[in-house]
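Worksheet for the structure shown next.
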Amino acid sequence: MDYRIAVCDDREEDRSFARESVLQWAEKRGFDVDVQEFPSGDAFLFHYTEDRAWDILLLDVEMPGCSGVDLAKQVRKDSQLLQIVFLTGYSDYLAEGYDVSALHYLLKPIHREKLWAVLDRAVEHLARAGHSLLLELPEELVRVPLYEVEYIEVRGNYVTVHTAAEAYRVKKTLSAMEQELDDRFFRIGRSYILNLGKVRKVTKREVQLFSGSRLPLPRGMYEPLNRAIIQKL
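Residue numbers for the sequence shown, in the UniProt record's numbering: 1 to 233.
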């Protein structure tokens with residue numbers, strides 16, 4: 001699955017048009033996509049509490065109950081990577097779109113070619129931000145962008161993915177998790193994998209991260225870690 005895309009609009013005909021347009025775009029570009037429709041902001045938020053692994057949100061502005069702008073503000077608290085595209089019949093909400101870092105406004109009636117162009121921009125933004133880890137937690141599926149990951153540690157049969165705000169624990173080996181990472185990450189010993197971009201200082205005994213976290217540095221890893229950081233600069 002390349003991208004997961006949500007269409008949130010209270011008008012069924014607008015949802016259907018957007019969904020079909022996305023599917024046609026995906027077929028033309030060669031992407032494998034999962035597209036789901038939601039008839040209201042409240043319906044999406046209810047689903048979002050258990051499934052936050054979305055890449056693109058096509059969002060009507062004016063809906064009964066939770067408005068599109070309010071929904072975008074809620075979602076943006078959890079994810080800076082999600083690409084939000086507002087669909088609206090009015091241009092009065094442009095300023096509020098900036099507040100939630102919306103990618104674009106599309107004025108209704110939506111033209112298929114304009115939607116395709118915005119979707120192209122959305123996937124370009126996602127590609128520049130880098131890949132994500134898709135973590136299967138006991139009660140939800142979470143997508144964590146690699147740039148947010150500070151370090152990963154293993155304890156027994158579980159690994160914990162640490163970001164500045166959250167820690168996600170999943171049943172997996174550290175070696176298996178390592179296969180999902182890119183060259184910004186470096187393994188130190190048996191217990192930790194570091195995001196080199198998060199390292200503030202390295203001593204003979206520990207690694208200090210910009211967040212303030214401190215990790216023990218195994219014997220013999222001081223020189224290899226420093227070389228890896230220099231090569232990454």
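No residue lacks a Cβ here, since even glycine has one placed at the ideal position from N, Cα and C.
query, result
"List the endpoints of the continuous alpha helix (DSSP H) containing Tyr48.", "41-48"
"Measuring CB to CB, does Val85 end up less than 8 Å from Leu57?", "yes"
"Measuring straight from C-alpha to C-alpha, what distance separates Cys66 and Asp42?", "6 Å"
"So for Asn226, helix, strand or coil by DSSP?", "helix"
"Quick one: residues in its chain with C-beta nearer than 7 Å to the C-beta of Ser191, no 5 flanking neighbours on either side, listed in chain order?", "Glu153, Val154"
"Which of helix, strand or coil does DSSP assign to Ser132?", "strand"
"In the DSSP assignment, find the beta strand (DSSP E) that holds Leu181 and state where it starts and stops.", "Element bounds for Leu181: n/a, residue is neither H nor E."
"State the start and end residues of the unbroken beta strand (DSSP E) segment that holds Val202.", "199-202"
"Do Ile188 and Leu174 have their CB atoms nearer than 8 Å?", "no"
"Could you give the C-beta distance for Val144 and Ser132, rounded to a whole number, given that I count them as a contact under 8 Å?", "6 Å"
"Give the range of the beta strand (DSSP E) segment to which Glu206 is assigned.", "206-209"
"For Phe38, which beta-bridge partners are listed by DSSP?", "Cys8"
"On a Cα-Cα basis, can you pick out the residue from Phe17, Asp120, Val142 that is closest to Lys28?", "Asp120"
"Just curious, the alpha helix (DSSP H) that Val69 is in, first and last residue?", "68-76"
"Taking the C-alpha atoms as reference points, what is the distance between Glu206 and Glu223?", "12 Å"
"Does the beta-carbon of Ala122 have 16 or more other beta-carbons within 10 angstroms, so that it is buried, or is it exposed?", "buried"
"Does the beta-carbon of Glu150 have 16 or more other beta-carbons within 10 angstroms, so that it is buried, or is it exposed?", "buried"
"Does DSSP put Glu166 in a helix, in a strand, or in coil?", "coil"
"Using the Cβ count rule (16 or more neighbours within 10 Å means buried), how would you classify Leu215?", "buried"
"Can you grab the Cα-Cα spacing for the pair residue 237 / Asp70, in whole Å?", "The chain is shown only over 1 to 233; residue 237 falls outside these bounds and no answer can be derived."
"Buried or exposed: which applies to Leu217, given that a residue is buried once 16 or more other Cβ atoms fall within 10 Å of its Cβ?", "buried"
"Per DSSP, what are the beta-bridge partners of His111 in this structure?", "DSSP, once it has assigned bridges, lists no residue as partnering His111."
"Given a cut-off of 8 Å, decide if Leu23 and Val35 are closer than it, judged by their beta-carbon atoms.", "yes"
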